[in-house]
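A.B. asks: Just so you know, the sequences run in chain order D and W. Note that the working numbering numbers the first sequence so that position 8 is 18, with each residue one more than the last. Note that the working numbering numbers the second sequence so that position 36 is 57, with each residue one more than the last. Every residue gets a Cβ at the ideal spot worked out from N, C-alpha and C, and that includes glycine. This one's a predicted model, so the numbers in the text were calculated from it and none came from an experiment.
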Amino acid sequence: MIKVLFFAHLRDVAGVNQVQLPVGEMVRVRDLLDGLGPYVPDSLIEVLRDESAMVSVNHKYAGWDALLPDDAEVGILPPVSGG
Amino acid sequence: MNDVIICEANFDVGEEYAKICEQAPSAGAIVFFVGLVRDLYDTQGCAETVEFLELEHYPGMTESLCQEIIDQAALRFPFDLARIIHRVGIIHASEQIVMVAVASRHRDNAFQAAQFIMDYLKTRATFWKKEVGTRGEQWLGKKNKDVSAVERWQQHDSAHNSAESKTSLTVNEK
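Encoded structure:
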């Protein structure tokens, strides 16, 4: 299973903190855009399609082309604003 | 003692200073940066007030990113000790939000490492702020000036690397 976590305003758009979904045919992070479809509002997928959000795989920043391990924890990360 | 502390509770700079003095007895300089929540919106001439920030982070990833930033700073500006304390949760206007402290033998490395750590913390570490005040509530994004600060470090690194290769070329020619 892949666990996908949403943060800050992207969590507000998603309406949920996290989603767990089967790996299925997904190979790369980008494939989540289709895989997440049944679990989150279309508006989130539209926001994510321009790929301006950062993503992480197992706590490391990753690109949308990164491979998805079977047990991946993927973070969908809006621009950060700490400090 | 952890170098990176993410917590809801406020921190006492005096206590942290005393701990660092004890843990870095050979230090000749200790630089502290403490960030506070501004009570006015970050717009020139704006008189509207911020009531509080709501801060969240990505547990696990934030701590490793902060540690990575400290490790990177140590490679550039060797120091005896560096510590990041970053608060999360509800933080009211004028309260402390973040502390970066660096202890080193001489002041230059302490100043530079503290600046490096703060610049990268603001642009890499997985924290998010929601600002709540008279303008309602809004999630804050990355600021251009913070991105430029990190770009300056990257340019500094490129210039340094380029100077190093020139040096090694000179040595090879001899």
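Closer than 6 Å by C-beta to T147 (chain W): which residues in its own chain qualify, once you throw out the five before and the five after it? Chain order, please.
C.D. replies: Correct list, in chain order: H78, Y79, M82 and T83.
A.B. asks: By how many angstroms is the C-alpha of I51 (chain W) removed from the C-alpha of L46 (chain D)?
C.D. replies: 49 Å
A.B. asks: Have a look at the DSSP bridge pairing and note the partners of V50 (chain D).
C.D. replies: Paired residues: none, contrary to the question.
A.B. asks: For the 8 Å Cβ check, are there 3 or more pairs between the region 24-37 of chain W and the region 94-112 of chain W?
C.D. replies: Cβ pair count under 8 Å is three or more, so yes.
A.B. asks: Pairs of beta-carbons, one from the region 133-152 of chain W and one from the region 42-59 of chain D, closer than 8 Å: are there three or more?
C.D. replies: With the cut-off at 8 Å, the region 133-152 of chain W and the region 42-59 of chain D do not touch.
A.B. asks: Can you tell me whether E83 (chain D) is buried or exposed? The criterion is at least 16 other CB atoms within 10 Å of its CB, across all chains shown.
C.D. replies: buried
A.B. asks: Nearest chain W C-beta to F16 (chain D) closer than 7 Å, yes or no?
C.D. replies: no
A.B. asks: Compare the Cα-Cα distances from V171 (chain W) to each of W:S125, W:Y38, W:T144 and W:W160 and report the closest residue.
C.D. replies: W:T144
A.B. asks: Touch check for the region 122-133 of chain W and the region 71-88 of chain D: three-plus C-beta pairs under 8 Å?
C.D. replies: no
A.B. asks: Could you check if L77 (chain D) is buried or exposed, using at least 16 other CB atoms within 10 Å of its CB as the buried criterion?
C.D. replies: L77 (chain D) should be labelled exposed.
A.B. asks: Use the C-beta contact count for C28 (chain W): other C-beta atoms within 10 angstroms, 16 or more gives buried, fewer gives exposed.
C.D. replies: exposed
A.B. asks: With DSSP as the reference, label E8 (chain W) as helix, strand or coil.
C.D. replies: In the structure displayed, chain W extends from 22 to 195; residue 8 (chain W) sits before or after that span and is not available.
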